[in-house]
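Note sheet for the following structure.
Number of protein chains: 4
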Amino acid sequence: MLKLIASVDVEVPFHDVDAMNVAWHGHYLKYFELARCALLRLFDYDYPQMQASGFLWPIVECHLKYVRPALYSQKLRVEATLLEYENRIRIGYLIRDIDSGERLTKGYTVQVAVDATTRELQFVSPAIVLNNLEKACAR
Amino acid sequence: MLKLIASVDVEVPFHDVDAMNVAWHGHYLKYFELARCALLRLFDYDYPQMQASGFLWPIVECHLKYVRPALYSQKLRVEATLLEYENRIRIGYLIRDIDSGERLTKGYTVQVAVDATTRELQFVSPAIVLNNLEKACAR
Amino acid sequence: MLKLIASVDVEVPFHDVDAMNVAWHGHYLKYFELARCALLRLFDYDYPQMQASGFLWPIVECHLKYVRPALYSQKLRVEATLLEYENRIRIGYLIRDIDSGERLTKGYTVQVAVDATTRELQFVSPAIVLNNLEKACAR
Amino acid sequence: MLKLIASVDVEVPFHDVDAMNVAWHGHYLKYFELARCALLRLFDYDYPQMQASGFLWPIVECHLKYVRPALYSQKLRVEATLLEYENRIRIGYLIRDIDSGERLTKGYTVQVAVDATTRELQFVSPAIVLNNLEKACAR
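Chains as they are written, first to last, in the numbering used here: chain A, 4 to 142; chain B, 4 to 142; chain C, 4 to 142; chain D, 4 to 142.
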């Protein structure tokens, strides 16, 4: 099993804070996405490369668990870990406060490959995924 | 068990559509919220009433399952069903295409009461929830 | 000069309200867009028809003036008026509180046609704009 | 006239890109805000300090001019310059492509002080603004 982890740092912007003075729960899917793209780039398979390979990878499932709220200007580290890639791409996320290391939010997303032309769902990941992952892990 | 259901209609706006020409997956939490607020209003317990009652109700968990994508200007019906309310508020969601009735997305959210002053987590829902629900169901 | 006006109603959602308890100023561009699309539909020239006609119409200028804030669940009427169409599309916006009629926000946007293939800027609106407008006004 | 400039770097995220494959025009107000907050921090007057000083500073006017579109993953530098502060806070913005230095977007925002308790509009900036600015410029 090839293992890849990427992380990005996010500072909670004012426009993400709601009337309860915390980051609105829906914005975390943006934070997850930033880390997901960083992870996908590790094996050269970010959105532009997906499209160039002839496949779309829609998100088919998301899960989020909020342990502690995040406040305006709080600095967060968002870590994305590749959990599955053979039949679909499943990524786990963990958001921590950078200063204290406290766990704030965790979750996962699942994506499946769809042929960009026929819109047919792929039950096995296209060869490019495994090829790119092997290259990335051999670096 | 008291049962409440509310629904709202949403038309996918241009600013919610991503580069894959479908509603970006994170925006569905906004659609869920519109239906959730409609549901909470059925028992007079929307955000302003929550605050007035001395409690905040942060979302502590979200789940989304995407069955079919939604396109620009597609008309959606978002249905929210109250699933739990005694110890926490758990709401289920189902999004359908209005014209065809096809299921597009489903999910749930979980909220817990937190004392607005002490920030203490409540393991039982404040009395106002059950009181308001009983009044709403008696109408 | 052909004159077209469209309006949409918006209720300020919780996720648009910021830590100051008012709709965050940037969200008004979404409200403008909803009314703009309603206006463009009056002459069959919404985003899908633009693309089908071989042109993109990027926004090149926006102006917003905020007179009064909007609060959670406030009901707004957003009116869009076609102000120019011969060389570019200029639309004016006025947002009022539905109940009181008070003016809350006003502004305008300017869009120009760009050839979807060559990316060349058009200094005169493509013929389809005037044709569609004449048909719409003759209805 | 005291002059302050701050800048932040932004990479266009996937969730900001629209169906035309460019950053949706409304998201630039978020990019402006990131630079504005960096600028306000230079004189210790970001949102938390504003609130602590007893004033809110709602945005009353925004202007945006889009020269060139921004694409997914494009790296932008957003520069905010303090243009007025005596009676209101007026900030100018310039967004450039980091690599080429090309100008992509420019604009300005205007904010006025409102007494947080009485909601009265202040026609002269509260003393804290000038005091903080002088301290910042003396550093």
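Every residue, glycine too, gets a C-beta built ideally from N, C-alpha and C.
Report all residues from its chain with a CB closer than 6 Å to the CB of residue i; omit the five preceding and five following residues, and keep chain order.
i	result
D37 (chain D)	Going by the sequence as given, residue 37 (chain D) is Leu instead of Asp. So the qualifying residues of the chain are V11.
R71 (chain C)	L107
E64 (chain D)	V113
M53 (chain D)	W60
F46 (chain D)	N135, L136, A139
Q77 (chain B)	V15
F35 (chain A)	Y96
P51 (chain A)	none
I62 (chain D)	T112, Q114
Whose C-beta lies closer than 8 Å to the C-beta of residue i among residues of the same chain, with five residues either side of it excluded?
i	result
L42 (chain B)	L7, I8, A9, A83, T84, L85, I94
Y69 (chain B)	H28, Y31, L107, T108
L74 (chain A)	V15, V20, N24, V25, A26
F126 (chain C)	N90
R99 (chain C)	L79, R80, E82, E105, R106, L107
A119 (chain B)	Q54, G57, F58, L59
S128 (chain B)	Y88, E89, N90, R91, I92, A116
From the DSSP secondary-structure annotation, give me the bridge partner or partners of residue i.
i	result
G95 (chain C)	C:T84, C:Y111
R71 (chain B)	R71 (chain B) is not bridged to any residue.
H66 (chain C)	C:Y111, D:H66
K78 (chain A)	A:E14
L43 (chain C)	The partner list for L43 (chain C) (beta bridge, DSSP) is empty, contrary to what the question assumes.
F126 (chain D)	In DSSP, F126 (chain D) forms no bridge with anything.
R142 (chain B)	The partner list for R142 (chain B) (beta bridge, DSSP) is empty, contrary to what the question assumes.
F58 (chain C)	C:D118
I8 (chain B)	B:T84
V20 (chain D)	D:A26
D100 (chain D)	D:L79
Let's test the definition: count the other Cβ atoms within 10 Å of the Cβ of residue i and tell me whether it reaches 16, buried, or not, exposed.
i	result
I101 (chain D)	exposed
G57 (chain C)	exposed
L59 (chain D)	buried
T144 (chain D)	What the structure shows of chain D is the stretch from 4 to 142, and residue 144 (chain D) is not part of that stretch, so it cannot be assessed.
A130 (chain C)	exposed
G104 (chain D)	exposed
C40 (chain C)	buried
L5 (chain B)	exposed
N135 (chain C)	buried
A2 (chain C)	Nothing can be reported for residue 2 (chain C): it is not among the residues displayed for chain C, which extend from 4 to 142.
Among residues of its own chain, excluding the 5 on either side of residue i, which ones have a beta-carbon nearer than 7 Å to its beta-carbon?
i	result
L124 (chain D)	V115, V117
V132 (chain B)	Y48, Y88
H66 (chain C)	G110, Y111
L97 (chain D)	E82, R106, K109
F17 (chain C)	Y75
In chain A, which residues lie less than 8 Å from residue i when you measure between Cβ atoms?
i	result
V15 (chain C)	Within chain A, no residue comes near V15 (chain C); the closest Cβ sits about 11 Å away, beyond 8 Å.
Y88 (chain D)	Under the 8 Å cutoff, chain A gives no residues; its nearest Cβ is about 19 Å from Y88 (chain D).
P72 (chain B)	P61
Interface residues of chain C around residue i at Cβ under 7 Å?
i	result
L59 (chain D)	M23
Which residues in chain A sit within 7 Å of residue i, going by Cβ to Cβ distance?
i	result
Y75 (chain C)	A22
Y50 (chain D)	F17, Y75
Mind pulling the chain B residues with CB within less than 8 Å of residue i?
i	result
H18 (chain D)	D21, W27, G29
I92 (chain A)	Correct list: empty, because the minimum Cβ distance to chain B is about 14 Å.
Report the neighbours of residue i on chain D: residues whose CB is nearer than 9 Å to its CB, in chain order.
i	result
K78 (chain C)	Residues of chain D passing the Cβ test: none, with the nearest at roughly 20 Å.
Y69 (chain C)	P61, I62, V63, E64, C65
| field | Where the segment 21 to 42 of chain D meets chain C: residues whose CB sits under 9 Å from a CB there | value | Among the residues of the segment 21 to 42 of chain D, those with a Cβ less than 9 Å away from any Cβ of chain C are A22, M23, V25, W27, H28, G29, H30, Y31, L32, K33, F35, E36, in the order of the chain.
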